[in-house]
Each structure stands twice: as structure tokens, then as C-alpha cells.
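This report refers to the structure that appears directly beneath it.
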Amino acid sequence: MTKAPQMAPPRQFSLFPESARLQRIDPATNCWRFYRLTLQDDLFGGTVLVRSWGRLGTTGQERRERFGDPVAAQAELIRWVRVKQRRGYREETDG
């Protein structure tokens, strides 16, 4: 009796994302950009939205915005993802 090949588990999409990794690559215009968003808890019970961006291969820049309400922070993360997608950014692929 042979074993069936193991399949990778299906990818789970979170209804409430806590991070996003986007990139925009257009060699014709020499555009090699990344944009990352992460939600983090702070020491005072709030939530911080960390936005990092720059040219691929660099550390880029970072901005932190504090929210007292985690739902508001999550809504802002989703808003930024939509803004960046409208500007041509796509979900970062591994490999």
C-alpha cells in the first residue's frame, strides 16, 4: 500500500490582517519598491501601525502611528493596502 503524496495545507486568508507585504516592480521605469505594514501592541495597551517603505534591497524609511483602538489600526492598515494597490503595488511573492 502506497501513501498518497502530502499536499500543502490550503492558504488561510485572515479576515483581520495584522501585516501586509507589497512590492512594485517595473524594470522599464527602474521602479523596484517595497511597502510593508505591521500592527504591533504597545506597552500602554494601544496598537501601533508600522509602515515601512523604500527601494528593494535597502532598509528604507519607517513611520509609526499609535491607535488606542486595535480595530481603528486595522482599518488604517487595510486602507493603506488599498491605496498602494491602486498605485500598482502587489502582494509580495516568495521566490
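So for the sequence shown, this note's numbering puts the first residue at 9; every next one is plus one.
Just so you know, even glycine gets a beta-carbon here, dropped at the ideal spot from N, CA and C.
Under 8 Å between the Cβ atoms of residue 25 and residue 86? The count along the sequence shown starts at 1 and reaches residue 25 at position 17. The count along the sequence shown starts at 1 and reaches residue 86 at position 78. Yes.
What does the Cβ neighbour count give for residue 67, buried or exposed, with the cut at 16 atoms within 10 Å? As a working note, residue 67 is residue 59 in the sequence shown. That one is exposed.
Nearest CA to the CA of residue 38: which residue from 79, 77, 64? As a first step, residue 38 must be located in the sequence shown, where it is residue number 30. Of the listed residues, the one whose Cα sits closest to residue 38 is 64.
DSSP three-state assignment for residue 20, whether helix, strand or coil: For the purposes of this step, residue 20 is identified with residue 12 of the sequence shown, where counting begins at 1. Low confidence applies to residue 20: its pLDDT is 43, below 50, so where it sits in the model is not reliable, and the reading given next is rough at best. Looking at residue 20 - three-state DSSP - the assignment turns out to be coil, as it is neither helix nor strand.
What's the C-alpha gap between residue 50 and residue 77? Position 42 of the sequence shown holds residue 50. Position 69 of the sequence shown holds residue 77. One C-alpha to the other measures close to 12 Å.
Following the continuous alpha helix (DSSP H) through residue 7, name the residue where it begins and the one where it ends. In the structure displayed, the chain extends from 9 to 103; residue 7 sits before or after that span and is not available.
Tell me, please, which residues DSSP counts as bridged to residue 64. Your numbering for residue 64 matches position 56 in the sequence shown. Note: residue 64 sits in no beta bridge, so no partner.
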